[in-house]
Amino acid sequence: PRQADLIITAGTITMKMAPALVRLYEEMPEPKYVIAMGACTITGGMFSSDSTTAVRGVDKLIPVDVYIPGCPPRPQAIIYGFLLALERIDR
Numbered sequence: 643p644r645q646a647d648l649i650i651t652a653g654t655i656t657m658k659m660a661p662a663l664v665r666l667y668e669e670m671p672e673p674k675y676v677i678a679m680g681a682c683t684i685t686g687g688m689f690s691s692d693s694t695t696a697v698r699g700v701d702k703l704i705p706v707d708v709y710i711p712g713c714p715p716r717p718q719a720i721i722y723g724f725l726l727a728l729e730r731i732d733r
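In this text, residue positions in the sequence shown follow the numbering used here: the first is 643, and each later residue adds one.
Structure (structure tokens):
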């Protein structure tokens, strides 16, 4: 993590995995960027209503720069999300 500047979160984030994700984000050097990919990562998805262990949005743990919606995200949305992240990195 000390050489990375981008985290791509995909899938359901559980309460058990949340401290490891936060620690990974904190160990990254500045500037750091986060892409949240998919409905499960962004809102908890279909698991958030029934599960007490699913985090209802990764943005409650770490700041997110680019959201890529979809369940699963379409390839065009993923490409567009990466282009948005590249624009943000270039600034």
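Think of the CB as a built atom: it goes at the ideal place given N, C-alpha and C, for glycine as much as any other residue. Computed from a prediction, not measured in an experiment: that's the story for all the values here.
With fewer than 16 other Cβ atoms from the protein chains shown falling within 10 Å of its own Cβ, M657 counts as exposed. Only exposed fits P714, as fewer than 16 other CB atoms lie within 10 angstroms of its CB. In the DSSP annotation of this structure, I655 is not part of any beta strand (DSSP E), being labelled neither H nor E. Between L663 and I704, the C-beta spacing is below 9 Å. Straight-line spacing of the CA atoms in Q718 and G680 works out to 13 Å.
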